[in-house]
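> Here it is, the structure in full.
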Amino acid sequence: MALDIEGLYRRLGPMVLRRCRALLRNEGQAQDAMHDVFVALLRADQRLDEEAPAGLLLRVATNVCLNRLRAGKRRPETPDDELLMQIAANGNGEARAAARGMLAKLFGLDDPLAASTATLAVMHLCDGMTLEETAREAGLSVSGVRKRLTRLRVRLTALDAADAAKGAPRDHA
Amino acid sequence: MTTRENKTPDWLVERLAHGELDATAAAQLRARLEAEGRAPDAEITALLRADRETLEAQPPGAIAAEIRRRAAQRPAPARRPLYTFGAVFAAGAAALVLVARQPAVTPAAAPAPLEPTRWKGTPIPNGAQLYVYRHAGDGDRRLPDGARAARGDLLQLAYATADGGYGVLVSIDGGGAVTQHWPEPGGARAVPLRSGGEVRLPSSYELDDAPAFERFFFVRAGESFDVAPVVAAARALAARAPEARRAPLPLPDRFAQTSFLLEKTR
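Protein chains in written order, with my numbering: chain B, 1 to 173; chain S, 174 to 439.
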């Protein structure tokens with residue numbers, strides 16, 4: 001059965017827009033990203049698990065926004081922005097890792113429906129969820145989330161060390 | 174966006190507002206909000222009011238039309254070609270998709286190598302463990318043995334061994350059919366295994382409409398072995414309902430085996 005995109009937007013579109021605004025801090029980009037979230041759902045269509053559509057859409061919105069942040073390289077305005085941008089920038093590695101998964105095979109490298117490590121990091125580090133909450137929301141094990149976030153931290157630390165060696169702070173602009 | 178180390182995440186409040194939390198989780202979240210001096214009902218009301226304002230400013234009909242237009246402009250990428258197990262393992266471990274009882278098809282671009290997930294759990298029984306994940310739109314979820322599954326479900330398979338060795342993966346179903354998954358159909362020898370962690374086969378398996386159940390068997394031995402005796406044992410067991418649901422494959426003791434049962438719901 002085709003996805004009722006209008007009904008889904010009516011029910012959850014405003015929530016998605018709030019999420020995109022919170023992550024992107026740009027009204028035009030947030031509106032665009034909100035559309036992209038539903039486009040992604042429309043494309044995935046029958047593969048959706050609709051038991052918890054709000055949770056799913058929040059994850060998809062997070063992924064879409066991270067992809068946009070990575071592509072646009074917006075200059076961070078706050079320390080939290082800095083963290084968000086670092087996470088987004090690291091998504092490139094995650095995308096390569098995701099290529100080994102089935103989702104990537106089905107949808108492409110920057111699959112917005114995949115529960116990427118970057119998305120998990122935003123949930124835990126930016127949204128402030130506990131590891132248990134992050135795992136529950138992502139449908140993963142706590143140990144799996146911990147492991148993926150540890151790997152991300154290692155990558156972030158390595159990037160910071162590389163920047164420090166160059167004698168300049170990271171510039172995301 | 175602000176970091177909220179202690180404050181209840183907006184994410185969870187949104188899910189509460191949209192009625193997605195079960196009664197226990199909802200009560201816990203409400204209590205948490207109240208402990209922070211927040212009024213759950215007032216916050217939910219504010220979210221719903223904001224929802225209405227957004228919908229008034231951006232009517233669903235117009236937004237949906239724009240979404241469809243964008244989707245049409247950027248059609249979904251074609252599903253990537255399916256990989257054969259043979260091509261994959263000949264290339265040194267790689268990606269493939271199996272579709273139940275349909276031949277695997279066109280080789281694709283060289284996939285990335287498998288990345289074992291280090292295993293830290295309880296000892297692996299009989300030297301081999303088999304994991305089955307169901308793919309959903311938001312990720313893969315590990316299924317428990319005996320889980321319910323339906324035709325069309327996409328399953329991701331994974332194994333773990335403590336000692337490496339060689340393995341074969343087959344399944345039997347409620348219709349008495351046997352499917353050889355790994356190595357690919359036609360492959361005559363067991364495949365070398367990686368030890369020490371859970372290794373997800375870069376594969377999915379689409380359940381077909383076979384009745385009653387699908388039971389996967391992961392058979393391992395320290396030395397290389399022929400696939401044929403394993404398939405023969407699977408055929409023998411598949412013909413013996415109802416033992417086929419629980420009995421082990423009739424194989425010599427030198428083989429370690431583990432199985433995973435899925436009950437078909439339709």
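Heads up, the beta-carbon is just placed ideally off N, CA and C, and yes, glycines get one too.
With a threshold of 9 Å between beta carbons, is MET102 (chain B) in contact with chain S?
As a working mapping, residue 102 (chain B) is identified with position 102 in the first sequence. Interpretation of MET102 (chain B) is limited by its pLDDT of 32, a score under 50 that renders its predicted location unreliable; no figure is taken from the coordinates.
> Specify the secondary structure class of THR130 (chain B) as computed by DSSP and reduced to three states.
Stepping through the first sequence from its first residue, residue 130 (chain B) is reached at position 130. In the structure shown, THR130 (chain B) sits in coil (DSSP, three-state: anything other than H, G, I, E or B).
> Closest to LEU366 (chain S) by C-alpha separation, out of S:TYR332, S:PHE386, S:THR181 and S:THR352, would be which residue?
For the purposes of this step, residue 366 (chain S) is identified with residue 193 of the second sequence, where counting begins at 1. When only C-alpha atoms are compared, the closest one is S:TYR332.
> For VAL39 (chain B), which residues in chain S fall below 8 Å Cβ to Cβ?
By one-based count along the first sequence, residue 39 (chain B) stands at place 39. Within chain S, the residues near VAL39 (chain B) are ILE240, ARG243, ALA244 and ARG247.
> Taking Cβ-Cβ distances shorter than 7 Å, what residues in chain S pair up with ALA54 (chain B)?
Taking the first sequence and counting its residues from 1, one reaches residue 54 (chain B) at position 54. Under the 7 Å cutoff, chain S gives GLU187, ARG188, HIS191 and GLU193.
> Can you pull the chain S residues whose beta carbon is under 8 Å from the beta carbon of LEU12 (chain B), in chain order?
Numbered from 1 along the first sequence, position 12 holds the residue referred to as residue 12 (chain B). Under the 8 Å cutoff, chain S gives HIS191.
> ALA323 (chain S): which of S:ASP382, S:SER368, S:GLN302 and S:GLU371 sits nearest, CA to CA?
Start at 1 with the first residue of the second sequence, and residue 323 (chain S) comes out as number 150. With distances taken between Cα atoms, ALA323 (chain S) lies closest to S:ASP382.
> Kindly indicate which residue of S:GLN246, S:ALA223, S:GLU357 and S:ALA385 has the alpha-carbon position closest to the one of ASP36 (chain B).
Here residue 36 (chain B) corresponds to residue number 36 of the first sequence, with the count starting at 1. Out of S:GLN246, S:ALA223, S:GLU357 and S:ALA385, S:GLN246 has the C-alpha closest to the C-alpha of ASP36 (chain B).
> In the DSSP assignment, the alpha helix (DSSP H) including THR334 (chain S) goes from what residue to what residue?
For this step, residue 334 (chain S) is matched to residue 161 along the second sequence. Counting along the chain, THR334 (chain S) falls outside any alpha helix (DSSP H), though it belongs to the beta strand (DSSP E) covering 327 to 334.
> Contact criterion: CB-CB distance below 9 Å. Does ALA161 (chain B) meet it with respect to chain S?
Numbered from 1 along the first sequence, position 161 holds the residue referred to as residue 161 (chain B). ALA161 (chain B) does not count as touching chain S.
> Give the range of the beta strand (DSSP E) segment to which ARG418 (chain S) is assigned.
Reading the second sequence from its first residue, position 245 is the one you call residue 418 (chain S). Segment: none, ARG418 (chain S) is in no beta strand (DSSP E) and carries neither H nor E.
> Does the beta-carbon distance from ALA406 (chain S) to LEU434 (chain S) come in below 9 Å?
Looking up residue 406 (chain S) in the second sequence gives position 233. Looking up residue 434 (chain S) in the second sequence gives position 261. For ALA406 (chain S) and LEU434 (chain S), no; Cβs fall outside 9 Å.
> Taking the alpha-carbon positions, what's the GLY337 (chain S) to PRO356 (chain S) distance?
For the purposes of this step, residue 337 (chain S) is taken as residue 164 along the second sequence, with counting starting at 1. For the purposes of this step, residue 356 (chain S) is taken as residue 183 along the second sequence, with counting starting at 1. Approximately 16 Å between the Cα atoms of the pair.
> Look at the Cβ atom of ALA223 (chain S), then the Cβ atom of PRO14 (chain B), and state whether they are nearer than 9 Å.
To locate residue 223 (chain S), count along the second sequence from 1; it is residue 50. To locate residue 14 (chain B), count along the first sequence from 1; it is residue 14. Contact: yes.
> Just the chain B side, please: which residues come within less than 8 Å of TRP355 (chain S) by C-beta, in chain order?
By one-based count along the second sequence, residue 355 (chain S) stands at place 182. What TRP355 (chain S) touches in chain B: nothing, since even the nearest Cβ is about 16 Å away.
> Just to make sure I have the definition right: I need the residues of chain B whose C-beta is within less than 8 Å of the C-beta of GLY210 (chain S). Which are they?
What you label residue 210 (chain S) is simply residue 37 of the second sequence in a count that begins at 1. Under the 8 Å cutoff, chain B gives no residues; its nearest Cβ is about 17 Å from GLY210 (chain S).
> Among S:ARG321, S:ARG388, S:ARG373 and S:TYR339, which has the Cα closest to the Cα of GLY348 (chain S)?
Here residue 348 (chain S) refers to the residue found at position 175 of the second sequence. Cα-wise, what sits closest to GLY348 (chain S) is S:ARG388.
> DSSP three-state call for THR119 (chain B): helix, strand or coil?
Taking the first sequence and counting its residues from 1, one reaches residue 119 (chain B) at position 119. Residue state, collapsed to three classes: helix.
> I need the straight-line Cα distance from VAL341 (chain S) to ASP326 (chain S), nearest angstrom please.
By 1-based counting over the second sequence, the position of residue 341 (chain S) is 168. By 1-based counting over the second sequence, the position of residue 326 (chain S) is 153. Cα to Cα, the separation comes out at about 22 Å.
> Report yes or no: do the region 147 to 154 of chain B and the region 193 to 212 of chain S share at least 3 C-beta pairs separated by less than 8 Å?
No: fewer than three Cβ pairs fall under 8 Å.
> Look up ALA212 (chain S) in the DSSP assignment and say whether it is helix, strand or coil.
In the second sequence, the residue the question calls residue 212 (chain S) occupies position 39. In the structure shown, ALA212 (chain S) sits in coil (DSSP, three-state: anything other than H, G, I, E or B).
> Output the distance between the C-alpha atoms of ALA165 (chain B) and ALA335 (chain S), rounded to the nearest integer angstrom.
Here residue 165 (chain B) refers to the residue found at position 165 when the first sequence is read from its first residue. Here residue 335 (chain S) refers to the residue found at position 162 when the second sequence is read from its first residue. Each residue's Cα considered, the two are about 41 Å apart.
> Please list the partners that GLY234 (chain S) has in chain B, where partner means a Cβ-to-Cβ separation under 7 Å.
Along the second sequence, read from residue 1 onward, the residue named residue 234 (chain S) stands at position 61. Those are GLU6, listed as they occur along chain B.
> May I have the straight-line CA-CA distance separating GLU436 (chain S) from LEU57 (chain B), to the nearest angstrom?
Looking up residue 436 (chain S) in the second sequence gives position 263. Looking up residue 57 (chain B) in the first sequence gives position 57. Approximately 30 Å, taken between the alpha carbons.
> I want to verify the contact list: residues of chain B whose CB lies under 7 Å from the CB of PRO317 (chain S), in sequence order.
The sequence position of residue 317 (chain S) within the second sequence is 144, counting from 1. By Cβ distance, chain B contributes nothing, its closest Cβ being about 13 Å from PRO317 (chain S), past 7 Å.
> List the residues of chain B whose Cβ lies closer than 8 Å to the Cβ of ALA219 (chain S), in chain order.
Here the question's residue 219 (chain S) lines up with position 46 in the second sequence. Under the 8 Å cutoff, chain B gives no residues; its nearest Cβ is about 11 Å from ALA219 (chain S).
> Can the beta-carbon of CYS20 (chain B) be found closer than 9 Å to that of ALA61 (chain B)?
The sequence position of residue 20 (chain B) within the first sequence is 20, counting from 1. The sequence position of residue 61 (chain B) within the first sequence is 61, counting from 1. Yes, Cβ-Cβ distance for CYS20 (chain B) and ALA61 (chain B) is below 9 Å.
> Kindly indicate which residue of B:LEU8, B:LEU66 and B:ILE5 has the alpha-carbon position closest to the one of GLN29 (chain B).
Residue mapping note: residue 29 (chain B) aligns to position 29 of the first sequence, counting from 1. The candidate whose alpha carbon is nearest that of GLN29 (chain B) is B:LEU66.
> Is HIS35 (chain B) helix, strand or coil by DSSP?
Start at 1 with the first residue of the first sequence, and residue 35 (chain B) comes out as number 35. Reduced to three states, the DSSP call for HIS35 (chain B) is helix.
> Would you say GLN231 (chain S) lies against chain B (beta-carbon separation less than 9 Å)?
In the second sequence, residue 231 (chain S) corresponds to position 58, counting from 1. True, the Cβ-Cβ gap to chain B drops below 9 Å.
> So the alpha helix (DSSP H) GLY234 (chain S) belongs to, where does it begin and stop?
Here residue 234 (chain S) corresponds to residue number 61 of the second sequence, with the count starting at 1. Looking at the DSSP string, the run of the alpha helix (DSSP H) that includes GLY234 (chain S) is 233 to 246.
> Using 8 Å for Cβ pairs, my map puts ALA190 (chain S) next to LEU221 (chain S). What's the rounded Cβ distance?
Reading the second sequence from its first residue, position 17 is the one you call residue 190 (chain S). Reading the second sequence from its first residue, position 48 is the one you call residue 221 (chain S). Contact holds; Cβ gap of about 7 Å.
> Mapping DSSP to helix, strand and coil, what is SER143 (chain B)?
In the first sequence, the residue the question calls residue 143 (chain B) occupies position 143. Reduced to three states, the DSSP call for SER143 (chain B) is helix.
> Residue range of the alpha helix (DSSP H) that ALA52 (chain B) falls in?
For the purposes of this step, residue 52 (chain B) is taken as the residue at position 52 of the first sequence. That residue, ALA52 (chain B), is in no alpha helix (DSSP H); it is neither H nor E in DSSP.
> LEU17 (chain B) touches chain S at which residues, Cβ-Cβ below 7 Å?
By one-based count along the first sequence, residue 17 (chain B) stands at place 17. The contacting residues are THR227.
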